[in-house]
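Data first, discussion second: the structure below is written as structure tokens.
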Amino acid sequence: MTFTTRFAPSPTGPLHLGHAYSAILAHDMARAANGAFLLRMEDTDLQRAKPEWDAAVVEDLTWLGLRWDGLILRQSAHLREYDRYLDRFDDMGLLYPCSCSRADIRAAVSAPQEGVSHDLYPGTCKNRPMSYRQPGDALRLHLDRALARLGDQDVVFHETGQTHSGTHQLNPARALREIGDVVLSRKGEEIIAYFLASALDDVHQKITHVVRGEDLFEFTQLQVLLLTLLELPVPIYHHHRLIRDDEGKRLAKRDDARAIAKYRADGASPEDIRRMVELA
Ligand code: GLU
43 MTFTTRFAPS
53 PTGPLHLGHA
63 YSAILAHDMA
73 RAANGAFLLR
83 MEDTDLQRAK
93 PEWDAAVVED
103 LTWLGLRWDG
113 LILRQSAHLR
123 EYDRYLDRFD
133 DMGLLYPCSC
143 SRADIRAAVS
153 APQEGVSHDL
163 YPGTCKNRPM
173 SYRQPGDALR
183 LHLDRALARL
193 GDQDVVFHET
203 GQTHSGTHQL
213 NPARALREIG
223 DVVLSRKGEE
233 IIAYFLASAL
243 DDVHQKITHV
253 VRGEDLFEFT
263 QLQVLLLTLL
273 ELPVPIYHHH
283 RLIRDDEGKR
293 LAKRDDARAI
303 AKYRADGASP
313 EDIRRMVELA
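Residue numbers for the sequence shown follow the numbering used here, beginning at 43 and rising by one.
Quick look at the structure:
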């Protein structure tokens with residue numbers, strides 16, 4: 043199978059050095075393997091994703107000297123295609139409608155429990171059947187049922203990134219404690235959860251290697267679980283180190299000081315950027 047990877051930014055702000063590192067690394071890995079490098083705009087958040095940021099991403103990547111294979115895939119152009127996967131989860135009996143607000147959820151989780159992620163859903167709507175679904179309800183994954191459905195089937199993925207290198211297997215008890223009943227779709231806000239859209243498009247684009255930042259490692263178990271339930275192929279993952287600011291914090295979209303456009307305006311060359319992220 044041809045090595046195929048991608049860069050999948052959300053066009054909600056300027057690309058910074060961290061994005062440049064991720065894009066260059068994925069691009070160079072693909073070229074070294076004689077493989078393909080694809081570009082996907084993860085613009086399912088219709089409030090925050092903007093065409094001007096999309097155009098700026100394309101401009102920055104082109105300036106960096108990166109060329110992608112084929113056309114850019116924009117998730118917003120095929121939102122309805124995700125529905126059939128939600129329907130499949132529904133057919134498996136793995137969804138329930140949830141009308142809780144964030145405030146309800148916070149109130150129900152009275153004291154933060156050790157090892158429990160902050161927004162772990164307390165299960166208030168867990169027994170609501172899909173026929174009770176109201177406009178505006180979110181759809182949640184019934185994780186207990188999902189795990190029961192898998193039975194003894196392993197949920198496994200392979201990681202080639204330095205920090206987590208090796209084979210990882212989902213631990214059901216831990217998943218219940220740490221993942222919980224995640225929202226897969228929320229009408230009116232996001233039609234589809236970004237981690238699900240991303241995993242589905244990796245399959246759609248026949249990605250063999252997902253190259254992305256270590257900050258996304260925590261989503262991988264969940265994404266692999268969803269792909270396994272849908273009987274879809276699971277790619278190999280490569281989570282890379284993060285580019286940090288002088289205080290050691292991960293760069294964020296608000297770090298305009300490290301925006302590629304800023305370096306460009308200050309006269310840096312694409313080679314300078316490669317040197318800065320140690321990929322020269
Ligand atoms: N769209 C995500 C981001 O910009 C990346 C998702 C991925 O690479 O899997 O953070």
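Note that beta-carbon positions come from the ideal geometry of N, C-alpha and C, so glycine has one too.
Exercise for the section: For G222, collect the residues of the same chain with a Cβ closer than 7 angstroms to its Cβ; drop the 5 residues on either side in sequence, then sort them by chain order. Expected result: L162, Y163 and L185
Practice task
Give the secondary structure of Q211 by DSSP, where H, G and I count as helix, E and B as strand, and everything else as coil.
Solution key: strand
Exercise for the section: Just mark L183 as buried or exposed, buried being the case when its beta carbon has 16 or more other beta carbons within 10 Å. Expected result: buried
Handout entry: Contact set for D132: own chain, Cβ-Cβ below 7 angstroms, skip 5 residues either direction
Key = M172
Practice task
Count the other CB atoms, across all protein chains shown, that sit within 10 Å of the CB of Q155; report buried if there are 16 or more and exposed otherwise.
Solution key: Summary for Q155: the model assigns pLDDT 45, below 50, so the residue's position carries little reliability, and this model does not support an answer.
Handout entry: Straight-line Cα distance separating A149 from L80
Key = 43 angstroms
Exercise for the section: Using beta-carbon positions only, say whether V253 and I285 come within less than 8 angstroms of one another. Expected result: no
Problem - Three-state class that DSSP yields for K168 in the structure shown - result: coil
Problem - Check: P51 C-beta below 7 angstroms from any heavy atom of the ligand GLU - result: yes
Practice task
Answer yes if the stretch 234-249 comes into contact with the stretch 119-138, meaning at least three C-beta pairs across the two stretches below 8 angstroms, and no otherwise.
Solution key: yes
Practice task
Note down, in chain order, each residue of its chain lying with its Cβ closer than 8 angstroms to the Cβ of T250, except the 5 sequence neighbours on either side.
Solution key: M43, T44, F45, T46, T47, G77, P277 and I278
Problem - the stretch 48-65 / the stretch 300-316 touching (three or more Cβ pairs under 8 angstroms) - result: yes
Exercise for the section: Answer yes or no: do L57 and P51 have a C-beta to C-beta separation smaller than 8 angstroms? Expected result: yes
Exercise for the section: Using only the heavy atoms of the ligand GLU, determine whether one of them is closer than 7 angstroms to the beta carbon of V345. Expected result: No information on residue 345 is available, as it lies outside the stretch 43 to 322 that the chain covers here.
Practice task
Check whether the stretch 191-203 touches the stretch 261-281, taking contact to mean three or more Cβ pairs, one atom from each stretch, closer than 8 angstroms.
Solution key: yes
Exercise for the section: Alpha carbon to alpha carbon, how far is L268 from F49? Give it in angstroms, no decimals. Expected result: 21 angstroms
Problem - CB-CB length for L192 against L271, believed under 8 angstroms - result: 7 angstroms
Exercise for the section: Report the partner residues of C140 according to the DSSP bridge assignment. Expected result: A180
Handout entry: A97 versus L321, A303 and T262, residue with shortest Cα-Cα distance
Key = A303
Exercise for the section: May I ask which residues mark the beginning and end of the alpha helix (DSSP H) holding E101? Expected result: P93 to W105
Problem - Beta-bridge pairing of R116 - partner residues as DSSP gives them - result: M83
Exercise for the section: Check whether the Cβ of V252 lies closer than 7 angstroms to any heavy atom of the ligand GLU, and answer yes or no. Expected result: yes
Exercise for the section: Go ahead and label H120 buried or exposed: buried means 16 or more other beta carbons lie within 10 angstroms of its beta carbon, across all protein chains shown. Expected result: exposed
Handout entry: Residue environment, S207, which counts as buried when at least 16 other CB atoms sit within 10 Å
Key = exposed
Handout entry: Counted within 10 angstroms of its Cβ, other Cβ atoms place P177 as buried (16 or more) or exposed
Key = exposed
Handout entry: Burial state of E84, where buried means 16 or more other Cβ atoms lie within 10 Å
Key = buried
Problem - Simplified DSSP assignment, three categories, for E256 - result: helix
Problem - E256 vs T209 beta-carbon contact at 8 angstroms - result: no
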